[in-house]
Amino acid sequence: MFFDHRDFQKTNSFRFKMKNKKERKEGFLFPADFADYLRSNVICDISEICGTLFPILNQYLKSKMKYLFSIFSIFLLLNLSSCDKGFEELNKNPLAPTAVNSEALFNELVNSLRLGWSRQLFLHNEILYDVTELGVVTAKTFGNVDGGVEEVWTNYYTALKNKKQLELNLDASASEDPEIGEVIKTQATILMAYKTFQMLDFFGDIPYFEAGNAYAATSVLRPKYDDDKEIYLSLLEELRTASDFLIGLQGNTSLGNSYLRVGTSDALFGDNTDSWLRFSNTMLLKYFLRIHEKEPAIAAEGIANLINNGYSFVSAPVVMLPADQGWSNEGVNWSFREHNRLRMGTTAWNFMTENGEIIDPRARIFFDTNNEDEWVPFPQISNNNTPQSGGEPYQKDRRDNSYENKGAENIYSSFNFYLIRDEKKIPEILMTEAEVKFILAEIFLKGIGIAPEESLASFRYQEGMLSSLDFWQEIMINATAWENRPNELSTGELFAISELPRYKFNVGADLNENLRKIQEQRWIHYFRQPWEAFSLIRRTNLLPREKSANTFFRFKYPNSETTFNFDNWSEQVNRMGGDETNVMVWWMN
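Residue 81 in numbering that gives the first Met the number 0 is what sits at position 82 of the sequence shown, and the numbering runs on without skipping anything.
Below you can see the structure in the form of structure tokens.
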């Protein structure tokens, strides 16, 4: 059973904020909050008691507030008795079956890549779709941004804590051969780099170098905030080292022993080291490009090394697919139906249509018609006279029984029901080949680290378009429950779309015009990765946009930091001039 320092502080003091405004009094605990807290923050990998007790506890607490503390005591007694043994044996044999072993910890790291429910509702649907104009929020809703931020923060620091515990376990098992755990360590480093880049792009400076050390010989209970640029550059160096290690990986260590491997516990790549290598290389390419405007020399050198030395990049989608990984993505439909204010906006509609006619097949995959089976976008810039949208286009009970029943007041086009309904076959996307192609197209067009090659930029751009069109079509085809499925297009038909005047890359045309087309295609391809579109909009002003220039640059730190890490938080806020959303992250111009 594992807690970090904030877990102990929260549990011992019982200082929780309650959702029920009538009971907003320090010293009491709202039962639903408490059950969610336990479910989110207590890690008990091998004890079945966690999975058995949580649902019972959750239901009981909601109706039996007066028994809260007695139930909590029972929970702790049972769990400590089952998990304390693991702590004792951890010192003797960290990979013993009764301890939290390397495979289990690695599995937890992979699981942490799943998008949280509150993140999707409060950050993606409430903020990022509107900021990036991939969609539009038709009316103010919950406004509980901190709920999503807290979830992201907790997810990350739990994963960082597990990653460092994993390294301790591997070191403890390597007394005879210090290299034996290096493959697993390298994979964990790559995975955490992916998560850390996202944290930096969400918040800017974060606690990092001292964070997650609950198990260190000298633990740091309140880690200081570190400079986001310093962390960024350290991650790039770690990825370089990871890629070089995997390139030179032999079957055995230098002492002739087999490396420890996670095997089937790797639900992301199936322990395929070539896939991990491509993932690492692609992150290097992507983030060197992201920092190019601020650190041109570092970015140019890094990109040149990757391209000139023939490094391989992601060629198959890197996704979290519930059907293959044994989970159900219930959070995505929940986030849409609870929010119910996200609709197709005029920006995305105008980009994929011409004279009111759809020219891009992705429009029919991304969006749905209104209650009258008509394509009607909600104005990206609305006013008090704009009719509001209602209905229940995301209500699965209603739509499962009758797909056409979107609610009488659903007068605008919504996001496609099946794209956010299927809990098994619709993936959560980490990285795709199309993204790689668009990145390469920009690099070749600008000549970053290499000589400019406009014809090669054009070729990579068209590859990216075809890959994107095919990727989204395959998602539709593989989602067996998809009822309003448009016609499948042939390769020739997809190619014709890439040749449309609006989309075609014209060799010899103005550089910024071709660059605009690259960025626009990357933007629309990120339709279900709004956090990536958010980073893109902070890099370039060449994206489709109807509103005034974006001034939302980052999320504020979670409220919990003001309670459990106040001194470091206060110092950080003073240094950055205020914890505000208009403070730029380091790589922005």
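We treat Cβ as the ideally placed atom computed from N, Cα and C, and that holds for glycine.
In this text, all values refer to a predicted model and were calculated from it rather than measured experimentally.
- At least 7 Å separates the beta-carbon of Lys-436 from that of Glu-408.
- Here Asn-251 is bridged, per DSSP, to Ser-257.
- Using a 10 angstroms sphere on the CB of Ile-380, the tally of other CB atoms stays under 16, which defines it as exposed.
- Taking 4 residues as the minimum length, the alpha helix (DSSP H) runs contained wholly in the segment 182-264 are 227-246, in order along the chain.
- Beta-carbon to beta-carbon, Asn-124 and Ser-412 are separated by about 16 Å, too far to satisfy the 8 Å threshold.
- Secondary structure note for Ile-428: its beta strand (DSSP E) is the uninterrupted segment 427-430.
- Taking the Cα of Met-475 as reference, the smallest distance to any Cα among Phe-141, Arg-363, Glu-391 and Arg-336 is reached at Arg-363.
- The DSSP assignment places complete alpha helix (DSSP H) segments of no fewer than 4 residues inside the segment 539-584 at 559-563 and 565-575, in order along the chain.
- Distances from the alpha-carbon of Pro-426 to those of Glu-181, Glu-329 and Asn-382 put Glu-329 closest.
- Around the CB of Ser-467, 16 or more other CB atoms lie within 10 Å, so the residue is classed as buried.
- If you ignore the 5 residues before and after Ser-253, its C-beta comes within less than 8 Å of the C-beta of Glu-178, all in its own chain and listed in chain order.
- Residue range 453-477 is occupied by the alpha helix (DSSP H) that includes Met-464.
- For Lys-424, the CB contacts under 7 Å within the same chain, skipping 5 residues up- and downstream, are Ala-322, Asn-477, Ala-478 and Thr-479 in chain order.
- Non-local C-beta neighbours of Val-506 in its own chain, meaning closer than 7 Å and more than five positions away in sequence, comprise Glu-453, Ser-454 and Ser-457, ordered along the chain.
- For Met-282, there is no enclosing beta strand (DSSP E); the enclosing alpha helix (DSSP H) has its first and last residue at 272-289.
- Annotated as distal: Gln-520 and Leu-542, with beta-carbon spacing of 7 Å or more.
- Between Glu-107 and Val-261 a beta carbon distance of about 11 Å is seen, past the 8 Å cut, so the two are scored as non-contacting.
- Around the beta-carbon of Ala-298, 16 or more other beta-carbon atoms lie within 10 Å, marking it buried.
- With fewer than three CB-CB distances shorter than 8 Å, the segment 130-148 does not count as touching the segment 163-172.
- One thing to note: Trp-586 has its Cβ no nearer than 7 Å to the Cβ of Lys-285.
- Contact check for Ser-117 against Gly-142 fails: the beta carbons are separated by 7 Å or more.
- Per DSSP, Val-148 is one residue of the alpha helix (DSSP H) stretching across 144-171.
- Contact check for Leu-112 and Leu-429: beta-carbon distance about 7 Å, within the 8 Å limit, so the pair qualifies.
- In the DSSP assignment, Gly-344 is bridged to Phe-377.
- Under the three-state reduction of DSSP, Glu-292 is assigned to coil, being neither helix nor strand.
- The Cβ atoms of Val-584 and Arg-538 lie no closer than 7 Å to each other.
- An exposed status is given to Ala-508, since fewer than 16 other beta-carbon atoms sit within 10 Å of its beta-carbon.
- For Val-130, the enclosing alpha helix (DSSP H) starts and ends at 128-131.
- For Glu-300, the three-state secondary structure derived from DSSP is helix.
- Ranked by how close their Cα comes to the Cα of Phe-414, the residues Tyr-310, Tyr-193, Asn-370 and Ser-174 have Asn-370 in first place.
- Residue pairing by DSSP places Phe-414 opposite Phe-366 in a beta bridge.
- Residue range 317-319 is occupied by the beta strand (DSSP E) that includes Val-318.
- Non-local beta-carbon contacts of Asp-176 in its own chain, meaning distances under 8 Å to residues more than five positions away in sequence, involve Thr-252, Leu-254 and Asn-256 in chain order.
- By alpha-carbon distance to Phe-504, the top candidate from Lys-516, Ala-495 and Ile-496 is Lys-516.
- For Glu-356, DSSP records a beta bridge to Glu-353.
- The alpha-carbon separation between Trp-275 and Ile-189 amounts to approximately 8 Å.
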